[in-house]
Amino acid sequence: MSTSSIFLILILLFGFLITFQIAKASEYVGILKGEKKNLEQNNKINGFLMMVFLVLGLIGVYWCNELFKGKILGESASDHGIKIDRMLRITFWITGIVFLITQVLLFWFSYKYQYSEKRKVYYFPHDNRLELIWTVIPAIALTVLVGFGLIYWFSITGDAPKDALQIEVTGKQFNWIFRYPGKDGIFGNKYFKNIDDQKNNQLGLLWDDPASHDDIVVNTTVYLIVNKPVKFIINSRDVIHDVGLAHFRMKMDAVPGTPTTMWFTPLYTTEEMKKKTGNPDFEYELSCDQMCGKGHFSMRGVVKVVSEQEFILWRAKQASNYAQVFPPAPALMKADSVKPAAAMVKGESDSKLVAKK
Ligand SMILES: [Cu+2]
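Here it is as structure tokens:
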């Protein structure tokens, strides 16, 4: 603990002590002066403390806001994130204004309308109109806020555009596994009983399904294409994890046995973000947002957002999981090349893709 915080705590303690002593002293004075005088004195002190609390509280709110300004993540890096940020800003403005009005009224009224023998209490037990106002207005405000939230929620978890990049994300204790469907665009079948880390089959892919042969499986770092929608199909191999993408304002639970989905469009490449943030080491981070065990802290993934060209080049360099498990026989390899046959085929199809563009 720093010296300044110890100092602050000491000041607060002294403050309490002094207040307590004053209250006690005034109580004794009251006893000497008589019960009624005592009551008035107490009311005055309490009323005064209400105002002190209001002023110190509001200063505290402002101070806290200044302290954390600029420490939150910058601009959102996804299209959905921009909407979510806007929704948060609207919510903060509405709740902030309501907070300010209600707190000022609460403490001011406690001070202003403390007991006075010059005033008589106005008996005011019920008013239908007032009840209606403070029920209907919050109800409308909350319906609008929740409504916006629901619309965004449905668009984030709903159908992704047809041309979206599909990536399967699987959480496990304690790492992330990413699967790309390969050039056929189809994820091969898998079965959890086939999971075998020793045999390099982290997802339990079924090798008798030809669709699985070109599936690319990588750990920790996932590559996305800038300005191209991406759909995550999220799974877990063991307990509940959560795909947290703070820079994109996205997050979704990874539940064993129940695939979840979310989609978004990254707006800036990692390189662009390095310039935007002025941080040459910037990386988009994928954190596990669900306490999932003792290695939870180590479930840090990296999201690389690159151009389509770079993505195609990267993908061409990845051997499929099948090719890793069943390396192509030497006879299949060209004499002048050391590349495995599977990677060659992929390389060719990718260069065709580039030509088409
Ligand atoms: Cu986890």
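Take the sequence shown: its letter number 271 is residue 270 in numbering that gives the first Met the number 0, and every next letter is one higher.
Positions of the beta carbon are idealized from the N, C-alpha and C atoms, including for glycine.
- Query: Are the beta-carbon atoms of S211 and G187 separated by less than 8 Å?
  - Reply: A contact, by the Cβ cut-off of 8 Å.
- Message: Closer than 7 Å to a non-hydrogen atom of ligand 1 - does that hold for the CB of R170?
- Response: The sequence shown places Gly at residue 170, not Arg. For ligand 1, at least one heavy atom lies less than 7 Å from the Cβ of G170.
- Message: Measuring alpha carbon to alpha carbon, tell me which residue in M249, A253 and P228 is nearest M290.
- Response: Measuring C-alpha to C-alpha distances from M290 to each of M249, A253 and P228 identifies A253 as the nearest.
- F231 and I155: beta carbons closer than 8 Å? Taking 8 Å as the Cβ cut-off, F231 and I155 do not qualify as a contacting pair.
- Can you list, in chain order, the residues of its chain whose CB lies under 6 Å from that of I81, leaving out five sequence neighbours each side? Beyond the five residues adjoining it in sequence on each side, I81 comes within less than 6 Å, by CB distance, of S75 in the same chain, given in chain order.
- Query: Looking at M272 and ligand 1, is the gap between the Cβ and the nearest heavy atom below 7 Å?
  - Reply: No - ligand 1 has no heavy atom lying nearer than 7 Å to the Cβ of M272.
- According to DSSP, what are the bridge partners of Y283? The beta-bridge partner set that DSSP reports for Y283 consists of V302.
- Among D214, K111, N193 and D162, the one whose alpha carbon lies nearest that of G181: For G181, the closest of D214, K111, N193 and D162 by C-alpha to C-alpha distance is D214.
- To the nearest angstrom, report how far apart A159 and I150 are at their CA atoms. So the alpha carbons of these two residues sit roughly 15 Å apart.
- I think M86 touches F147, with their Cβ atoms under 8 Å apart; what is that distance to the nearest whole Å? That pair is a contact at about 5 Å.
- Task: Kindly indicate which residue of K250, Y321 and K68 has the alpha-carbon position closest to the one of K198.
- Result: Taking each of K250, Y321 and K68 in turn and checking the Cα distance to K198, the smallest one comes out for Y321.
- Item | Sequence-distant residues of its chain with Cβ nearer than 7 Å to D335 (five each side left out) | Reliability of the predicted coordinates at D335 is poor, the pLDDT of 48 falling under 50, and the value obtained from them is presented with this limitation in mind. Answer for D335: no residue qualifies.
- In whole angstroms, what separates the C-alpha of K189 from that of H240? Spanning the two alpha carbons is a distance of roughly 20 Å.
- Message: Could you tell me the alpha carbon to alpha carbon distance between A328 and A318, rounded to whole angstroms?
- Response: A328 and A318 have their alpha carbons spaced roughly 14 Å apart.
- Message: I'd like the ranges of any beta strand (DSSP E) spanning at least 3 consecutive residues and lying wholly in the region 96–152.
- Response: DSSP runs (the beta strand (DSSP E)) wholly in the region 96–152: none.
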